[in-house]
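To start, the structure itself, in structure tokens.
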Amino acid sequence: MYKLYCRIYQNAFKAGAVVLPWRRPKRLGGYDALATLLRDKNCNSVLIVTDKGITALGLHKKLTDTITQAGIKIVTYDKTAQNPTIDNVEEALTLYHDKNCSAIIGLGGGSSMDCAKGVGARIARPKKAIHQLRGQLKVWLKMPLFIAIPTTAGSGSETSVAALLTDSLTHEKFAINDPALIPHYMLHDPRLTIDLPPALTATTGMDALCHAVEAYIGNSNTCRTQMDAIKAVRIIFSNLYTAYCDGQNLQARANMQKAAYLAGAAFTRAYVGNIHAVSHALSGQYGTPHGLANAVIMPYVLDMYGEAIEKPLSELAIAAGLADVKTSKNVAARRFIDATRDMNKKMGIPDKISGINPSDIPMLATRALREANPLYPVPVIFGHDDMVKIYHAIM
Ligand SMILES: [Fe+2]
Numbered sequence: 001m002y003k004l005y006c007r008i009y010q011n012a013f014k015a016g017a018v019v020l021p022w023r024r025p026k027r028l029g030g031y032d033a034l035a036t037l038l039r040d041k042n043c044n045s046v047l048i049v050t051d052k053g054i055t056a057l058g059l060h061k062k063l064t065d066t067i068t069q070a071g072i073k074i075v076t077y078d079k080t081a082q083n084p085t086i087d088n089v090e091e092a093l094t095l096y097h098d099k100n101c102s103a104i105i106g107l108g109g110g111s112s113m114d115c116a117k118g119v120g121a122r123i124a125r126p127k128k129a130i131h132q133l134r135g136q137l138k139v140w141l142k143m144p145l146f147i148a149i150p151t152t153a154g155s156g157s158e159t160s161v162a163a164l165l166t167d168s169l170t171h172e173k174f175a176i177n178d179p180a181l182i183p184h185y186m187l188h189d190p191r192l193t194i195d196l197p198p199a200l201t202a203t204t205g206m207d208a209l210c211h212a213v214e215a216y217i218g219n220s221n222t223c224r225t226q227m228d229a230i231k232a233v234r235i236i237f238s239n240l241y242t243a244y245c246d247g248q249n250l251q252a253r254a255n256m257q258k259a260a261y262l263a264g265a266a267f268t269r270a271y272v273g274n275i276h277a278v279s280h281a282l283s284g285q286y287g288t289p290h291g292l293a294n295a296v297i298m299p300y301v302l303d304m305y306g307e308a309i310e311k312p313l314s315e316l317a318i319a320a321g322l323a324d325v326k327t328s329k330n331v332a333a334r335r336f337i338d339a340t341r342d343m344n345k346k347m348g349i350p351d352k353i354s355g356i357n358p359s360d361i362p363m364l365a366t367r368a369l370r371e372a373n374p375l376y377p378v379p380v381i382f383g384h385d386d387m388v389k390i391y392h393a394i395m
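Under my numbering, think of the first position of the sequence shown as 1, with each following residue one higher.
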């Protein structure tokens, strides 16, 4: 009965999603174009939401110099945590108002984007607290001008509806999903990613792979999300390891940014699934980095889905160059799962998550279930026992 309820809910959402205001961000050609855009929009002051890692490396300099030279004031919030909190959002929001900003730039990985989207959501809905915006379609109203500049190739947040935030008191990570949160513009500069350490290159890249996989094997695909996911998988399998081994390889970096964008575009319309639900509960409770958690969890969840995903996974295996049309579906699907384990191993990603307290597992399972069901159109609906089994397997 529970599974039937989930499927009815998912199908209703899938039908309703057709009329939602989906859009993709417009692409900016460079920092000069960004400065021109701000001037054209009569923006005198802009809030940059980023993190200390970015400012310490000076990755914001080119951006801030160009904007300043255009006569536009900048206020920078760089206290975004790895798993951004409601407090982060409120601090950045205060800066936005105090400095009379009229635009937001998210500069960083998924965390900075999530925080920036939280600020945008609060501006769109000033009478609502962040926790009141949790869930689906609670923002709806237009955010101020929002430009996303990713410095990793993973989250796809520059094109996604999602903002993931953590409640510092309960340690619960939760999502705000709304097409209003899709950035208006994005700027891809692969030079920003060349200093990304190999470990982060690996885990963020595997996060992008999770987005493509979960979007593709779920039940809310469209032709376009399937195409985007296939392309993303193809690019990731041919470029992630190169970017990991040779961080200065600008072509591999640019390709990975493209893959992360495509995977982001796929999952924002077709959703993620149980990998992300299991992962978010861990990040909220223990601060486990998102990409690392996803990379570790992915093969375990895919194994648990079993026969239900043989066909779509075999198609992804072909895209990844692991099989051809003559390969039987179960063999191709098995190769794909094995390849995710191999990629993790080659890039130094462990096959377990350390620090999980066994007594927390029932609570983690409840949180993961609350995120996954009834919303995510997963190929197999997990119950509480399944979630518990996954947490035990990965610890
Ligand atoms: Fe993700």
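A virtual CB, placed ideally from N, CA and C, is assigned to each residue, including glycine. Values in this document were obtained by computation on a predicted structure and should not be read as measured data.
Next on the checklist: At the level of alpha carbons, what is the spacing between Ile-104 and Ala-263?
Outcome noted: 24 Å
Checklist entry - Lys-3 by DSSP, collapsed to three states: which one? => result helix
Checklist entry - Is the CB-CB distance between Ser-168 and Thr-242 below 8 Å? => result no
Checklist entry - If you pair each beta-carbon of the region 213-225 with each one of the region 249-262, do three or more pairs fall below 8 Å? => result no
Checklist entry - From what residue to what residue does the alpha helix (DSSP H) around Pro-362 run? => result 361-372
Checklist entry - What residues in its chain sit with their C-beta under 7 Å from that of Asn-312, if we drop five residues either side in the sequence? => result The displayed chain sequence assigns Pro, not Asn, to residue 312. Contacts found: Tyr-216 and Ile-217.
Checklist entry - Could you give the distance in angstroms between the alpha-carbon of His-131 and the alpha-carbon of Ala-116? => result 16 Å
Checklist entry - Who are the near neighbours of Ile-54 in its chain, counting only those whose CB is closer than 8 Å to its CB and skipping five residues on each side? => result His-60, Asp-78, Leu-107, Gly-108, Ser-112 and Thr-151
Checklist entry - Where does Ala-333 fall in DSSP's three states? => result helix
Checklist entry - Cβ of Lys-173 within 8 Å of Cβ of Asn-249? => result no
Checklist entry - Going by Cα to Cα distance, which pick from Ile-318, His-171 and Ala-229 is closest to Gly-287? => result His-171
Checklist entry - Is the region 188-200 touching the region 309-329 in the sense that three or more CB pairs, one from each, lie closer than 8 Å? => result no
Item to check | Phe-237, enclosing alpha helix (DSSP H) - first and last residue | outcome: 223-245
Checklist entry - Any chance the CB of Ser-283 is under 7 Å from a heavy atom of ligand 1? => result no
Next on the checklist: Just to check my reading of the structure: Tyr-401 and Lys-26 have Cβ atoms closer than 8 Å, yes? What is that Cβ distance to the nearest angstrom?
Outcome noted: Since the first residue of the chain shown is 1 and the last is 395, residue 401 is not available in this structure.
Item to check | Coarse secondary structure for Ala-148, derived from DSSP in three states | outcome: strand
Checklist entry - Touch check for the region 265-273 and the region 349-367: three-plus C-beta pairs under 8 Å? => result no
Item to check | Proximity to Thr-50 [Cα-Cα], best of Gly-110, Cys-245 and Lys-346 | outcome: Gly-110
Next on the checklist: With H, G and I counted as helix, E and B as strand and the rest as coil, what does DSSP make of Ser-99?
Outcome noted: The amino acid occupying residue 99 in the given sequence is Lys; Ser does not appear at that position. Three-state result, Lys-99: coil.
Next on the checklist: Given this structure, state the Cα-to-Cα distance separating Pro-198 from Leu-316, to the nearest angstrom.
Outcome noted: 25 Å
Item to check | beta-carbon Ser-155 near ligand 1 non-hydrogen atom, thresh 7 Å | outcome: yes
Checklist entry - What does a CB cutoff of less than 6 Å around Ala-163 pick up in its chain, not counting 5 residues either side in sequence? => result Asp-114, Lys-117, Gly-118, Ile-176 and Leu-181
Checklist entry - Less than 8 Å separating the beta-carbons of Tyr-305 and Ile-394? => result no
Item to check | ligand 1 heavy atom lying under 7 Å from the CB of Asp-228 | outcome: no
Next on the checklist: ligand 1 and Cys-210: does any heavy atom of the ligand fall closer than 7 Å to the residue's C-beta?
Outcome noted: yes
Next on the checklist: Taking the alpha carbon of Asn-294 as the reference point, which residue from Ser-160, Ala-208, Gly-321 and Asp-228 has its own alpha carbon closest?
Outcome noted: Ala-208
Item to check | Segment contact flag, the region 277-292 with the region 366-383, C-beta cutoff 8 Å, min 3 pairs | outcome: yes
Checklist entry - Just to check, is the beta-carbon of Asn-294 closer than 7 Å to a non-hydrogen atom of ligand 1? => result yes
Checklist entry - Is Gly-291 buried or exposed, if buried means 16 or more other CB atoms sit within 10 Å of its CB? => result buried
Next on the checklist: Looking only at its chain, what residues have a beta carbon closer than 8 Å to the beta carbon of Lys-73, apart from the 5 residues adjacent to it on each side?
Outcome noted: Asn-44, Ser-45, Val-46 and Lys-99
Next on the checklist: Suppose you measure from the CA of Leu-375 to the CA of Tyr-261; what does that come to, to the nearest Å?
Outcome noted: 23 Å
Checklist entry - What's the gap between the Cα of Pro-144 and the Cα of Met-206? => result 31 Å
Checklist entry - In its own chain, which residues sit with a C-beta less than 7 Å from the C-beta of Ala-232, not counting the 5 before and 5 after it? => result Ala-208, Ala-212, Ala-259, Leu-262, Ala-263 and Ala-266
Next on the checklist: Using only the alpha-carbon positions, how far apart do Gly-156 and Arg-24 sit?
Outcome noted: 12 Å
Checklist entry - Between Ile-349 and Tyr-391, is the Cβ-Cβ spacing less than 8 Å? => result no
Checklist entry - Residue range of the beta strand (DSSP E) that Ala-163 falls in? => result 162-167
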